[in-house]
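Just so you know, the sequences run in chain order Z and V.
In terms of our numbering, the first sequence opens at residue 25 and continues consecutively.
In terms of our numbering, the second sequence opens at residue 64 and continues consecutively.
Below is one structure, written out as structure tokens, with a few remarks after it.
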Amino acid sequence: MSVRGRASLIGVVVLLTAVIAGLLIGPVRIAAADVLRWLVTFGDRPPGMSEQQEAILFELRLPRVIVAGLVGASLAASGAAYQAVFRNPLADPYLLGAAAGAGLGATIAVSYGPSDAFDLTVPVAAFIGALAGVGLAYALGRSSLGGRAVTSLVLAGVAVASFLTAIQTFLQQQRSETLRQVYTWILGRLGTAGWDDVRLALPSVVLAVATLWAVRRLLDVIEVGDLEAESLGLNVPRLRLLVVIAASLATAAAVSVAGLIGFVGIIVPHAVRMLGGGSYRSVLPLSVLFGASFLILVDILARTVAAPAEIPIGVITALIGAPFFAAVLRRSGRAAA
Amino acid sequence: MGRPRSILLALALALLLAACGADAESTPATGPTGSTSEPSPTVVFPVTVEGSNGSVTIEEQPTRIVSLSPTATEDLFAIGAGEQVVAVDDQSNFPAEAPTTELSGFEPNIEAIAGYGPDLVVYATEVGDLGTSLEGLGITALQLDAAATLDEAFGQITQLGLATGHADAANALVEELRAAVGEIVASAEPASGVSFYHELDDTFYSVTSETFIGQLYAMLGLENIADAVGEGSGGYPQLSAEYIIQADPDLIFLADTKCCGQSAQTVAERPGWGRLAAVSGGGVVPLDDDVASRWGPRVLELLQQIADAAIATEATAA
């Protein structure tokens, strides 16, 4: 089997394992045999399982695992795509102002929206904010074309992010009673994930990830250089715009249901490069698979380590992810030597 | 790049102007003082009071008090020192006659505070070096930070009484509060053992019995489901939804009705919460976020509300 084929197989197995582990493990003990029987019968409650346990499984754990998977896949795939089009290994999904835009959107919704509709208004406002942030950065960075296109886009992203964050801080200072609400949201909120969030994120995530998946071969070309890609007949600005739109859509969907979760977008693509090679034909699919698995597994820790309390998931992604990445880095270094 | 830069410049200018405008508004002229109440005979100034920032000596009876703490504001008005208060922070929304301004206790603007010409500033949170900065301007600063116990909360009322020349009224209020607390605790005794979940926000942050608010429930003998969380949560753990559902508390107290628009209805609509005993049995109790996060005289209302709910639950169970 090819390296890529074997890596994909590992990816699928890991994802399935993560999903099942995500359903089995939680602060409330539910017998593993019951959970598995419930799964294979597609939701027939086995006699040993109480109604309460079934509710926990179906209304809390299952949607939470799905949301974690969608968010992880989105962040990792858009991170990988950004790294290709910006030719920058440190590019992450929040590079072009998506995070700052989402933060501002959420703050506006919390400050001025009706307080009994936050469940809906905050995610939607964050989604719009993330897209608006990237749109602004793109419009600003596009004004200088040619060889400096990539640099000016990244710089525009930095400027837009600082500007939007400044407005957010200003608003928060005006309405200090909203500080807590905004910060718990920003820290990540998989703890309240439900089917509503699945419905909210799924369409954008599927559309965006499918788009990135479809252009994954072109990412290899664009990563070499604008001139080289153009000499092969590629319309570089248009492809870059398409990738930025798709990646931003995925990021916005992720941010809207889960807040800001760092690290996944940078580390997962790099880890899978070591596993399956540097071609985007494998980096992109593997990022989707391992991004989803990684966040599902990390979320298991978030809800069990301090059970019955939760730990903000963003804290764990960094805490677990950094040493894990160091280990991968060492191993691949030794393999190459 | 000419055009974008000029736009940014214009925006920056606009923001700058807006900021200047805001400053001008929030810095009213130091006009004539309000009515000055007579010092009560029991307090002879200068007086030394104990604040969270140590011993504070107050030379004369303050007549221009600025309160940056909603709890201190409630205390001051409850002991009859309201007429000496010239400005309170933007979060001080009780009582209605409190002179609410745009001053912030979270992001205190020393200049704006000094603009009210205060002779005493009461605050809860030491942000930067608020206290020393005020002292540097010759303004007496008294910090009364979040009380850890009911005794501490009552102690702050006593200190404010001393500081403002209303020691008698303050002592009387504290005595009255203590007696009322005793009565409520006695009345609620049969309801001990009722379990509850106290919700701080809609991401399930809660309080353990270590906290000020948690102690109130403990005084009434209620069982806190958040106490299952071990040490190290700082008293304010974020609970797992599935744990709350499994714990199935008899009562759910919502201290997030204002911040997060929660109600018995929104709780019932949460995934998996519909079949909780508290939800189907009318045991979801909406609280006033403000009352449930302060440590002033209205703590009595809160205690009464908790006791009533616990007694009602016990009655239906029996």
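The C-beta atom is built at its ideal place from N, Cα and C for all residues, glycine as well.
Please read all numbers here as calculations on a predicted model, not as lab measurements.
Inter-residue CB distance, residue i and residue j (contact presumed, cutoff 8 angstroms)
{"i": "ALA150/V", "j": "TYR186/V", "result": "ALA150/V to TYR186/V, Cβ: 12 angstroms. No contact."}
{"i": "ILE220/V", "j": "VAL237/V", "result": "5 angstroms"}
{"i": "GLY72/Z", "j": "PHE82/Z", "result": "The pair is not a contact, with the Cβ atoms about 16 angstroms apart (cut-off 8 angstroms)."}
{"i": "GLY212/Z", "j": "ALA282/Z", "result": "6 angstroms"}
{"i": "VAL342/V", "j": "VAL330/V", "result": "6 angstroms"}
{"i": "ARG264/Z", "j": "VAL146/Z", "result": "Not confirmed; about 31 angstroms, so no contact."}
{"i": "GLN196/Z", "j": "VAL206/Z", "result": "6 angstroms"}
{"i": "GLY337/V", "j": "THR379/V", "result": "GLY337/V to THR379/V, Cβ: 19 angstroms. No contact."}
Check: residue i C-beta below 7 angstroms from any heavy atom of the ligand SAM
{"i": "SER303/Z", "result": "This structure simply doesn't include the ligand SAM, nor any ligand for that matter."}
Among the options, the one whose alpha carbon lies nearest that of residue i
{"i": "SER356/V", "options": "LEU183/V, ARG333/V, THR164/V and ALA318/V", "result": "ALA318/V"}
{"i": "PHE259/V", "options": "ALA370/V, THR203/V and VAL190/V", "result": "ALA370/V"}
{"i": "TYR118/Z", "options": "GLY72/Z, SER26/Z and ALA180/Z", "result": "ALA180/Z"}
{"i": "SER228/Z", "options": "SER135/Z, LEU33/Z, VAL95/Z and ALA183/Z", "result": "VAL95/Z"}
{"i": "LEU314/V", "options": "GLY245/V, ALA372/V and ALA211/V", "result": "ALA372/V"}
{"i": "GLU78/Z", "options": "GLY93/Z, VAL52/Z and LEU353/Z", "result": "VAL52/Z"}
{"i": "VAL27/Z", "options": "GLY345/Z, ILE335/Z and MET298/Z", "result": "MET298/Z"}
{"i": "PRO109/V", "options": "TRP358/V, GLY228/V and PHE140/V", "result": "GLY228/V"}
{"i": "ILE291/Z", "options": "VAL307/Z, ALA276/Z and PHE187/Z", "result": "VAL307/Z"}
{"i": "PHE217/V", "options": "ILE176/V, ALA251/V and GLU137/V", "result": "GLU137/V"}
{"i": "THR341/Z", "options": "VAL352/Z, GLN198/Z, PHE287/Z and LEU353/Z", "result": "PHE287/Z"}
{"i": "ILE247/V", "options": "VAL107/V, ILE374/V and VAL112/V", "result": "ILE374/V"}
{"i": "ALA278/Z", "options": "VAL222/Z, SER135/Z and ALA190/Z", "result": "VAL222/Z"}
{"i": "VAL43/Z", "options": "LEU63/Z, SER32/Z, ALA31/Z and ALA57/Z", "result": "LEU63/Z"}
{"i": "ASP352/V", "options": "LEU283/V, ALA281/V, ALA341/V and ASP264/V", "result": "ASP264/V"}
{"i": "SER130/V", "options": "ASP214/V, ILE173/V, GLU123/V and HIS261/V", "result": "ILE173/V"}
{"i": "GLY249/Z", "options": "ASN112/Z, ARG61/Z and ILE335/Z", "result": "ASN112/Z"}
{"i": "GLY143/V", "options": "PRO125/V, VAL354/V and ALA233/V", "result": "ALA233/V"}
{"i": "SER269/V", "options": "GLY324/V, ASP231/V and SER296/V", "result": "SER296/V"}
{"i": "THR120/V", "options": "ASP152/V, GLU146/V and LEU183/V", "result": "LEU183/V"}
{"i": "GLU165/V", "options": "ASP152/V, ASP208/V and ALA230/V", "result": "ASP152/V"}
{"i": "PHE316/V", "options": "GLN368/V, GLY337/V and LEU363/V", "result": "GLN368/V"}
{"i": "ARG305/Z", "options": "LEU242/Z, SER176/Z and GLU254/Z", "result": "LEU242/Z"}
{"i": "ILE285/Z", "options": "ALA316/Z, ARG262/Z and PRO261/Z", "result": "ALA316/Z"}
{"i": "LEU365/V", "options": "MET282/V, GLY145/V and ASP231/V", "result": "MET282/V"}
{"i": "THR29/V", "options": "THR379/V, ALA378/V and VAL362/V", "result": "What the structure shows of chain V is the stretch from 64 to 381, and residue 29/V is not part of that stretch, so it cannot be assessed."}
Beta-carbon gap between residue i and residue j smaller than 8 angstroms
{"i": "PHE267/V", "j": "ILE308/V", "result": "no"}
{"i": "VAL89/Z", "j": "GLY137/Z", "result": "no"}
{"i": "THR235/Z", "j": "ALA304/V", "result": "no"}
{"i": "ALA92/Z", "j": "LEU214/Z", "result": "yes"}
{"i": "ARG386/V", "j": "PRO162/V", "result": "In the structure as shown, chain V starts at 64 and stops at 381, and residue 386/V therefore has no counterpart that could be examined."}
{"i": "VAL190/V", "j": "THR376/V", "result": "no"}
{"i": "LEU310/Z", "j": "GLY300/Z", "result": "yes"}
{"i": "ALA271/Z", "j": "ALA163/Z", "result": "no"}
{"i": "PRO360/V", "j": "LEU240/V", "result": "yes"}
{"i": "ASP311/V", "j": "LEU339/V", "result": "yes"}
{"i": "THR275/Z", "j": "LEU99/Z", "result": "yes"}
{"i": "LEU86/Z", "j": "GLY335/V", "result": "no"}
{"i": "VAL233/Z", "j": "ALA97/Z", "result": "yes"}
{"i": "SER303/Z", "j": "GLU170/V", "result": "no"}
{"i": "LEU223/V", "j": "ALA135/V", "result": "yes"}
{"i": "PRO125/V", "j": "GLN154/V", "result": "no"}
{"i": "VAL148/Z", "j": "PHE142/Z", "result": "no"}
{"i": "ALA150/Z", "j": "SER32/Z", "result": "no"}
{"i": "ILE49/Z", "j": "ILE324/Z", "result": "yes"}
{"i": "VAL239/Z", "j": "LEU256/Z", "result": "no"}
{"i": "LEU302/V", "j": "ALA333/Z", "result": "yes"}
Fill in: Three CB pairs or more closer than 8 angstroms across the region 288 to 300 of chain V and the region 313 to 324 of chain Z
no
- Item | Continuous beta strand (DSSP E) assignments of at least 3 residues falling wholly in the region 322 to 350 of chain V | 347 to 349
Completely contained alpha helix (DSSP H) runs for the region 266 to 302 of chain V, where each covers 4 or more residues:
275 to 282
With a threshold of 8 angstroms, are at least 3 pairs of Cβ atoms found where one atom belongs to the region 110 to 125 of chain V and the other to the region 195 to 207 of chain V?
yes
Any contact between the region 217 to 226 of chain Z and the region 272 to 284 of chain V? By contact I mean 3 or more CB pairs, one from each, below 8 angstroms.
no
Between the region 124 to 133 of chain Z and the region 147 to 157 of chain Z, do at least 3 Cβ pairs fall closer than 8 angstroms?
yes
| query | Along the chain, which unbroken stretches of the beta strand (DSSP E) at least 3 residues long are found entirely within the region 304 to 339 of chain Z? | reply | none
Which residue spans inside the region 174 to 221 of chain Z form an unbroken alpha helix (DSSP H) run of at least 4?
203 to 210
Q. Do three or more CB pairs link the region 256 to 271 of chain Z to the region 100 to 115 of chain Z at distances below 8 angstroms?
A. yes
| said: Quick check on the DSSP output: what are the complete beta strand (DSSP E) runs of length 3 or more inside the region 151 to 226 of chain V, in order along the chain? | reply: 183 to 186 and 203 to 206
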